[in-house]
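These notes concern the structure reproduced below.
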Amino acid sequence: METMEKESLVIIVMYHYNLTYKEINSVGKQWIWKYAAALAKELLGAIRSKYSSIPIPNSEVSLDGSTLKSEAASEKEYLITQLRETLEATSRHKQLEMKREESENLQQSLNRVPLKIYIG
Amino acid sequence: MPLFAGARDISLIEKLNEELINSVIQTEIYYYKLILDETDDNIYGEGLDKRYYAGVKLPSLIDRSNQAYVEEAYGVDLQQTALFSFLRKEFTNKSLVPEVGDIIEWDKAYFEIDSMVDNQIIGGKDPDYSLAGCEHGSSHSIICQCHMTRMSRLNIEDVRYGVDTPDYNFPKGI
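Chains as they are written, first to last, in my numbering: chain A, 1 to 120; chain B, 1001 to 1174.
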């Protein structure tokens, strides 16, 4: 259920802003690449965990399905958190807040500039 | 109908095995098949002058014992046993039927097959057996127990030959 929520967040973001892949910037493309890699890893983990060990001639080898699945889950979690933070940081409210901070800081700096000496 | 060990599962297992043995481990041997029709036997039924088909290269997993030096009446003899494990598919791909008495060349030595085990059956079903059906299971491997044999018995390579080189300048005392 939680996974579905995360995946739907990505889809909502894509549809909400009516984005096409071509228009996404390099940072976004990198994020999509990483998320796709995590999904592929999760799928491979699911395939490899059907059999925890595979017979080889005269022996058997254990597969890394569960490791792949847990790695994929943590990578997806991290990427979703990163996406949320990025979206929050670029929201209208945050941008206005940053602008306000910038102007306040500028004002403070200007306040410290010495006034010209007035000679009457 | 069993849920596991279907054709797709067997294909996955075989692909993983092939990748592991052929590309990752990569230990290969030459397999020499005995030509029975060309090998004459004496009055005791012994084939002293054996003939073999040309060697076929096969990937294999090798488990060898340490060399042992055993004192015989004629002197010290070198002995070694080894276990060669093959994917059964490798033999079927090359239309090769392994049998006791065939020769395996590996690591500058020749090993004769003493016994074979064809008993690693995935899912407990061998499709070659009629009651098992043809959609599930697989006979996976062939394991050959071998001992090192003398090169001079085999006629595979010439082990005794001379070189006519009068210009050799060997140090004295050799």
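Note that the Cβ used here is the ideal one computed from N, Cα and C, for glycine as well.
Neighbours of I54 of chain A in chain B, taken as residues at a C-beta separation under 9 Å, are given in chain order as L1012, I1013, L1016, N1017 and L1020.
Residue burial annotation: A1054 of chain B is exposed, with fewer than 16 other C-beta atoms found within 10 angstroms of its C-beta. Taking a 10 Å sphere around the C-beta of F1004 of chain B, we find fewer than 16 other C-beta atoms and assign the residue as exposed. Between the alpha carbons of I1143 of chain B and D64 of chain A lies a distance of about 26 Å.
Under DSSP, R1064 of chain B shares a beta bridge with B:A1082. The distance from the Cβ of I1013 of chain B to that of I1121 of chain B is about 12 Å, inconsistent with a contact at the 8 Å cut-off. Cβ-Cβ separation between D1063 of chain B and N1155 of chain B: approximately 28 Å, too far for a contact (criterion under 8 Å). The beta carbons of S1060 of chain B and Q1080 of chain B sit about 16 Å from each other, so the pair does not count as a contact at 8 Å. By the neighbour-count criterion, in which 16 or more other beta carbons inside 10 Å mark a residue as buried, M98 of chain A falls on the exposed side. In the three-state scheme derived from DSSP, where H, G and I count as helix and E and B as strand, E1099 of chain B is classed as coil. Per DSSP, reduced to three states, the secondary structure at T1149 of chain B is strand. For A1109 of chain B, the enclosing beta strand (DSSP E) covers residues A1109 to V1117. Residue burial is scored here from C-beta neighbours: L1034 of chain B has at least 16 other C-beta atoms within 10 angstroms and is therefore classed as buried. If the five residues before and after K1015 of chain B are omitted, its C-beta is found closer than 6 Å to no C-beta atom of its own chain.
The alpha carbon of H1140 of chain B has as its nearest neighbour, out of B:M1151, B:K1125, B:V1070 and B:L1131, the alpha carbon of B:K1125. Along the stretch 1102–1129 of chain B, going in chain order, the ones with a CB nearer than 7 Å to a CB of chain A are Q1120 and I1122. The beta carbon of D1128 of chain B is closer than 8 Å to those of S1139 in its chain, skipping five residues each way along the sequence. Only buried fits G1137 of chain B, as 16 or more other CB atoms lie within 10 angstroms of its CB. Straight-line spacing of the CA atoms in M1116 of chain B and Y1031 of chain B works out to 14 Å. Using a Cβ distance threshold of 7 Å, F1111 of chain B and A1068 of chain B do not count as a contacting pair. Between the beta-carbon of S1085 of chain B and that of N58 of chain A there is about 4 Å, and that keeps the pair under the 8 Å contact cut. Taking the beta carbon of V27 of chain A as reference, no residue of chain B falls within 8 Å; the closest one sits roughly 36 Å away. Rounded to whole angstroms, the gap between the alpha carbons of R100 of chain A and H93 of chain A is 11 Å.
Residues G65 and S66 of the same chain have their beta carbon placed closer than 6 Å to that of S49 of chain A, with the five preceding and five following residues left out of the count.
At a cut-off of 7 Å between C-beta atoms, I1029 of chain B does not count as an interface residue with respect to chain A. Within the same chain, S52 and S53 come within 7 Å of S62 of chain A by CB-CB distance, once the 5 residues on both sides are set aside.
If only complete runs of 4 or more residues are kept, the stretch 25–63 of chain A shows the alpha helix (DSSP H) at 26–48, in order along the chain. Counting the other CB atoms within 10 Å of its CB gives A38 of chain A a total of 16 or more, which places it among the buried residues. Rounded to whole angstroms, the Cβ separation of L79 of chain A and K34 of chain A is 6 Å, and the two are in contact under 8 Å. H1136 of chain B is outside the set of residues whose beta carbon lies under 7 Å from a beta carbon in chain A.
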